[in-house]
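Student: Before anything else, here's the structure in question.
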Amino acid sequence: MIGTLVVQLPCCEGHTGGSLAVRHRRKQYVHDFAQDSTTSTQYAAFFADCEHELTPLTGGMRLVLAYNLVFRGPAAAAPRLAGCSAAERQLKAAVQA
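Counting with this note's numbering, you get residues 1 to 97 for the letters of the sequence shown.
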């Protein structure tokens, strides 16, 4: 994992609180997710070596999607089991149907 992506979707009631603080090398950035939380999609991304803290909500609701960001270069090909190509074809055909 090289980082994290946080996406906050608009919510009809909005919320208060829930700021994200990200710290790295004695610098700190704080994002207030409550601002425009009823109308705007907001996002924040930070590297895995950053410290981060999400303050508690003090009111309302919110909907957040959190993703682990992963780098997979050409050397990181997934291992394959010998002889499973027929099963792979059947699964692919079933999913595409």
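Glycine included, every Cβ here is placed at the ideal spot set by N, Cα and C. These numbers were taken from a predicted model, which means no experiment stands behind them.
By the three-class DSSP mapping on this structure, what secondary structure does Lys27 have?
Tutor: In the sequence shown, residue 27 corresponds to position 27, counting from 1. Strand at Lys27.
Student: Have a look at the DSSP bridge pairing and note the partners of Gly17.
Tutor: Residue mapping note: residue 17 aligns to position 17 of the sequence shown, counting from 1. According to DSSP, Gly17 bridges with Leu57.
Student: Among all the DSSP beta bridges, which residues are the ones paired with Glu51?
Tutor: As a first step, residue 51 is located in the sequence shown; it is residue number 51 there, counting from the start. Arg23, per the DSSP bridge assignment.
Student: Per the DSSP calculation, Thr4 is bridged to which residue(s)?
Tutor: Here residue 4 corresponds to residue number 4 of the sequence shown, with the count starting at 1. Bridge partners of Thr4: Phe46 and Asn68.
Student: Select from Leu57, Gln28 and Ala94 the residue whose C-alpha is nearest the C-alpha of Ser37.
Tutor: The count along the sequence shown starts at 1 and reaches residue 37 at position 37. The shortest C-alpha separation from Ser37 is found at Leu57.
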